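When the letters of the sequence shown are read in order and numbered with the working numbering, they come out as residues 2 to 136. Data first, discussion second: the structure below is written as structure tokens.
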Amino acid sequence: MRARRYWAPSPATGQIVIREADPATAETFPAFLDTLRAAFPDKTIHLVLDNAKIHHAKVLQPYLTDHPELDLRFLPPYSPNLNNTERLWKWLREQVILNTYFPNLDAIRHAIARFLSYLATVPEEIQSRLGRLPE
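This is the structure in structure tokens:
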């Protein structure tokens with residue numbers, strides 16, 4: 002079984018918001034959005050998303066209507082190169098997974114969780130890897 006996580010890094014602050022979800026579905030996505038709203042209270046949240054079905058599901062519409070502070074923007078289909086968050090996934094793979102033997106799935110999960118905890122301590126590095134926001 003895969004450990005699934007929603008995550009949203011902020012290019013403006015370097016803060017990263019993470020929430021585990023098992024499974025990651027349109028039904029669990031609003032809980033992540035609640036976590037994100039709690040991390041940035043009284044702010045408009047511009048969230049850039051890929052075109053996964055869970056991000057477009059009809060079940061989300063009432064939630065999004067109730068929370069106009071969430072501004073969801075979608076990348077063009079099949080364009081992971083435009084998704085700056087992919088840079089963080091690449092960093093995770095390079096630092097944690099590539100050329101590393103893990104005796105079991107729990108060891109992989111632990112290594113990933115440790116790296117994600119580390120991310121909370123290096124906001125400047127996250128900002129650097131995500132790139133600057135336009136002024």
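Where is the CB? At the ideal position from N, CA and C, for every residue including glycine. All of these numbers come straight from a predicted model, not from anything done at the bench.
{"Check": "Element boundaries [beta strand (DSSP E), containing PHE75]", "Outcome": "71-75"}
{"Check": "Assigned exposure category for LEU37 - 16 Cβ within 10 Å defines buried", "Outcome": "buried"}
{"Check": "Assumed close pair LEU76, LEU48 - CB separation to whole angstroms, cut-off 8 Å", "Outcome": "Actually they are not in contact, since the Cβ atoms of LEU76 and LEU48 sit about 11 Å apart, beyond 8 Å."}
{"Check": "C-alpha gap between ALA9 and ARG110, whole angstroms", "Outcome": "19 Å"}
{"Check": "Rounded C-alpha distance that separates ASP1 from PHE30", "Outcome": "Because the chain here runs from 2 to 136, residue 1 falls outside it and cannot be looked at."}
{"Check": "Sequence ranges, beta strand (DSSP E) only - wholly within the stretch 53-120, length at least 3", "Outcome": "71-75"}
{"Check": "DSSP three-state assignment for GLU136, whether helix, strand or coil", "Outcome": "With a pLDDT of 47 at GLU136, under the threshold of 50, the predicted position of this residue should be treated as unreliable, and no value is reported."}
{"Check": "Inter-stretch contact at 8 Å, needing at least 3 Cβ pairs: the stretch 50-58 / the stretch 16-36", "Outcome": "yes"}
{"Check": "Integer-rounded CB distance, given that ALA112 should sit under 8 Å from VAL97", "Outcome": "5 Å"}
{"Check": "Close Cβ partners of ALA40 (< 8 Å) along its chain, the five nearest in sequence each way excluded", "Outcome": "GLN16 and VAL18"}
{"Check": "Straight-line gap, PRO12 to LYS91 (C-alpha atoms, nearest Å)", "Outcome": "16 Å"}
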